[in-house]
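Chains as they are written, first to last, in my numbering: chain F, 1 to 345; chain P, 1001 to 1345; chain G, 2001 to 2345; chain U, 3001 to 3345. Even glycine gets a Cβ: it sits at the ideal position worked out from N, Cα and C. Note that this is a predicted model, so its numbers are computed, not measured. Only one structure is covered here, and it is reproduced in the block below.
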């Protein structure tokens, strides 16, 4: 049973159908013609605001183009100490941004005390030429520990950013799961809270490959378009990315897929008797023995040792493709093979 | 009828089948597991040499990563004055390469006098710190005017490069068409001629999205892998790119597809009574009136005015998806609607 | 006798005096306090316009910061095929500019047909995302062949740039010689002609080390200040650069020094019976034998072979430190040792 | 009385004399001729090892070129949380290094537990393509709090770096003060301890402008030379920098100057009754009232508030130009005007 990552399943049927339809057709090259306009229209409706999408081919690109569009090369970006852009992208933001800097805060943006964030900004904000200029704050929703940021928290972060003159970026690789988890509208979690630019994720939610840089102000278009082209993310058959996003957005399928993944994670938590997660990622404290047994039983998952202990933190990710049977099978394995092998809450 | 570009058709059936198969499966993330090894094995057999492939998502990325892997930021790359890397990639090589420079030669690499190339290299090669260091030569095959470079010419260019200490890069966006056109082996057109790194194109030959940086020496792997990740071209579902390339390589389908496209271009030339092209691009000199008529008749193609004249150069591109009926329909239109409207040879 | 370069003499007395005075003093660090304001005031008076100077430590830095301040990383800069920024700075503009591109015109900006420049701009100006964006034109005065550009030509170049939306940059490493040669005002040769940013050279005119990025619009200050700091050109004892520039500007000494250098070059031309140059660089066509004899006689100069001939082009540079005796000694050597060994005009 | 910074005094007489001598002379351009060889020889003797110096114009450049020479763009550099490269250079290392990253350790390298450094390296060292590659460790001596690092500590840091495959860089802006403070040989504090590249500071020690990138292995020369030229730090009258460094090194003047500055700081500490510093920087805890009084009395110094208190940390810097009378005058002011206004130790 597979709980390693939401980039492991294949492609959701509605997306594959859209690709298959398009595959039989001649069409426009690059990001031209009718399809981009249809995507912008669909997103504008979803976000209840004029919205412009720049499809790209990976989340790394979406995040890095976004930050490079917001910052000068001498700009600094505040982020969570666990942010994907900081840890898992081999310095892509620095590369796209001409040597900008990511500055980790002392804790996750989901829970860090707002006054502490303000104090850090104020302390860094000696805006003279010897120091990098704080220019942006990047937030991830779902966050890096699987938590959903709710509209009031987003608005509060947006307020801090705005007061201090920082642009607010949202890494939305799992934005669909966050919307499903919070019941908030996409607008509440983005532009209404002050988000100027976001990475809108499709790949983890069933697309073959579909991410987009999304902005709410046309004035940002030129820089994004240039950054996208120069980094090789203006795909000649871009219509194949656009139709995936359109297929996901049609009739709310993107949200259904994410809601399903979230429900599977809750089912998993129920089965294990642990606190249910907001989204589709469940973190469980297990013993090394449990870890070994689960792996031996064919459970696919990642875990990380807690330094200096025999304890490990397992991450179990559910997806649009996870079935109740998958969950139940795993729960059975856990109870039968590793009773008492994880921490209940 | 459609002759605008080989990035306009959809996806060849064997590629779509491979995607569809993979779509139903969980698999490895990024570029891990069995599939990359199978791709390297398939290419090693094709090239008759140990070969390592780094799939990427666009030709822009393939070319730019290749040049950045070969050069220092203070390196200069000789290229054709019509090279795609020079003209059509918005400076992507400069971006990936930290500010390297492309230096256009006075004519196409396919036909430019070798002694002239040598003289230019010798003239530039004042290797002191005030001048950029000539470090690479990039060649495109099919070239930018649709011509195929034959093994003896490639070998001669490789010889010039080697004597002067330049690395040789091949932009193979239409490499399949070049192999089909020349009847040469992939080896003869690459490493045997001194090519150290190439962009191996799949997208124009029927893939949805599949390009690869291909090298013949494992020592180059680390830089390429880093450049690929940092530029956002390490796709989390990379197996979907790999299976496309594998599907194209299986049973020589990649070559059949290209041979078909080339044959359609020759049929087009025959029908128009002009000199047949090497590959799948036919350039025809037409009048402005002809251009207008063809467009009015629904022919999709690009043309460029010859400065200061009423004459235009039309580019007609055939593809794996072009049918003999498409060609014949176009030929009929040309003869019936624009008799005498193009230059015969 | 020394005619190799104007970076070979030492330091003019007024500059050395200023350094010596300042050396005995404590002062402000970096670019603060009273001195920068005095420099801006002196230049504002000189240029008859509000003027802001950013002293830097080399001409390479002045030019590269200027171009990077004008252009995006995807910007292209038109230049002379002989431009110092293109040939002699190891790609520094590309480095400072995040991968911008220098595009050589087919001839020197001093003499190239304006209509040809316009046509080239119009031909390149397919302002779509696949192509780099033409954003600036850089001109050198004195130019690379020692010629002075007169106000009407500067204005014409500025007009072309403005019509096409390009910013105009002036490399003024020998701006003093150009002002002295033309008798024009600094204003006529710069902002009145449309120059937005210039490199104002002091080092070749007697300074120890003093160059400045000069702008006529305060809105450009932030980018320049950041680029200067990040590239290591915000010197902690910057006041020692500022006092050099102030010493040069005082009582028109900068212009006297340049006028002297120019006069020495004319004296040289007279002595040799060749056409007098505009500024302080005399190019003379000589035989290889002449070249060898001059060197043997201790004349310091550079020459370049004309490819495929026994003829060479000698560059003889006069400076603020060149004496009439130096010139006469050289003329004597030439006439006595190499009669008929150079081309008269 | 002036204790604000060691970049505030003018130029030491031996340095000014050297400049004045050279100012009267024609000489070689850039970094050529006899002088660079003499500098390398002088440094080789000083360091008891083959040594190659690349004079540059600022410490920002020296440090940034050094780190860029050691690292790939995807490299990370461990540093102190107070490192000048991290805090005060506006991201210059990121710029020179094509987007490398500085990673602050949890405490100063002078005192941080070695096992903690090792653990952090081991924890970061998941050397896969998703993470930046730890490639260097940078140490400052004198450190950022004025402390001298002794040979055994340097050797221990070098050992950690070597075991983990990191290159060791030394920021030696106040290296002379560190040598004077420790009584160690330059060799012990550099290559014998594993330092591969260092910034050798002259400007704070009495030079007008003289810093150098210093390496102990000729193989590093090419990259450094290219980075220096491309960043505009290959000064056309470089001989004026070289003669400053030669003047400082002659007869141990560089060390005498630093020893004097250190002695003045000890005298200051004695006068105030606080613990004497290693080098030329004294940090004293004062009240806000004391700070205001000292300023009012004309004492030039910097201080920083301790967040949330009325207490401030004053930094008093002595220099080659500080006299015993300056110190005594300040001590008198302190005792008379602000009795009990600072913390004794």
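For residue i and chain U, any beta-carbon pair shorter than 8 angstroms?
| i | result |
| --- | --- |
| residue 87(F) | yes |
| residue 1129(P) | yes |
| residue 2253(G) | no |
| residue 342(F) | no |
| residue 1073(P) | yes |
| residue 2002(G) | yes |
| residue 154(F) | no |
What residues in its chain sit with their C-beta under 8 angstroms from that of residue i, if we drop five residues either side in the sequence?
| i | result |
| --- | --- |
| residue 2218(G) | 2050, 2052 |
| residue 1303(P) | 1286, 1291, 1312, 1313, 1314, 1315 |
| residue 2033(G) | 2027, 2239 |
Measuring only between beta-carbons, confirm whether residue i sits less than 8 angstroms from chain P.
| i | result |
| --- | --- |
| residue 3270(U) | no |
| residue 295(F) | no |
| residue 26(F) | yes |
| residue 22(F) | yes |
| residue 2305(G) | no |
| residue 258(F) | no |
| residue 29(F) | yes |
| residue 279(F) | no |
Determine the burial state of residue i: buried for a count of at least 16 other Cβ atoms within 10 Å of its Cβ, exposed for fewer.
| i | result |
| --- | --- |
| residue 180(F) | buried |
| residue 1247(P) | buried |
| residue 1199(P) | buried |
| residue 1345(P) | exposed |
| residue 3173(U) | buried |
| residue 2206(G) | buried |
| residue 3305(U) | exposed |
Do residue i and residue j have their C-beta atoms within less than 8 angstroms of each other?
| i | j | result |
| --- | --- | --- |
| residue 9(F) | residue 320(F) | yes |
| residue 178(F) | residue 48(F) | no |
| residue 3221(U) | residue 3194(U) | no |
| residue 2024(G) | residue 2064(G) | no |
| residue 1138(P) | residue 1067(P) | yes |
| residue 2210(G) | residue 2055(G) | yes |
| residue 1003(P) | residue 1330(P) | yes |
| residue 2190(G) | residue 2149(G) | no |
| residue 3005(U) | residue 2029(G) | yes |
| residue 112(F) | residue 106(F) | yes |
Would residue i count as contacting chain G if we go by Cβ distances under 8 angstroms?
| i | result |
| --- | --- |
| residue 229(F) | yes |
| residue 3232(U) | yes |
Under a CB-based cut-off of 8 angstroms, is residue i close to chain F?
| i | result |
| --- | --- |
| residue 2136(G) | no |
| residue 2225(G) | yes |
| residue 2055(G) | no |
Keeping to the same chain, check which residues put their C-beta closer than 6 angstroms to that of residue i; ignore five residues upstream and five downstream.
| i | result |
| --- | --- |
| residue 2243(G) | 2018, 2022 |
| residue 2275(G) | 2345 |
| residue 2986(U) | Lying outside 3001 to 3345, the shown extent of chain U, residue 2986(U) is not represented and no answer is given. |
Please list, in chain order, all residues of the same chain as residue i whose beta carbon is under 7 angstroms from its beta carbon, the five residues on each side excluded.
| i | result |
| --- | --- |
| residue 1285(P) | 1311, 1313, 1342, 1343 |
*Residues of the segment 3078 to 3108 of chain U whose Cβ lies closer than 7 angstroms to any Cβ of chain P, in chain order*: Of all residues in the segment 3078 to 3108 of chain U, the ones placed with a Cβ closer than 7 angstroms to any Cβ belonging to chain P are 3098, in chain order.
*Near-chain G residues of the segment 3187 to 3218 of chain U - C-beta to any C-beta below 7 angstroms*: Taking 7 angstroms as the upper bound on Cβ-Cβ separation, chain G lies near residues 3203, 3208, 3209 of the segment 3187 to 3218 of chain U.
_chain P contacts from the segment 234 to 250 of chain F (Cβ-Cβ distance under 8 angstroms)_ = Going along the segment 234 to 250 of chain F in chain order, one finds 234, 235, 236, 237, 240 with a Cβ nearer than 8 angstroms to chain P.
_Against chain G: residues of the segment 3005 to 3018 of chain U by CB proximity under 7 angstroms_ = Those residues of the segment 3005 to 3018 of chain U that come within reach of chain G (Cβ to Cβ, closer than 7 angstroms) are 3005, 3007, 3008, 3009, 3010, 3011, 3016.
*Anything in the segment 2040 to 2066 of chain G with a Cβ closer than 9 angstroms to a Cβ of chain U? List those residues in chain order, please.*
Contacts with chain U (Cβ-Cβ distance below 9 angstroms) from the segment 2040 to 2066 of chain G involve 2056, 2057, 2058, 2059, 2060, 2061, 2062, 2063, 2064, 2065, listed in chain order.
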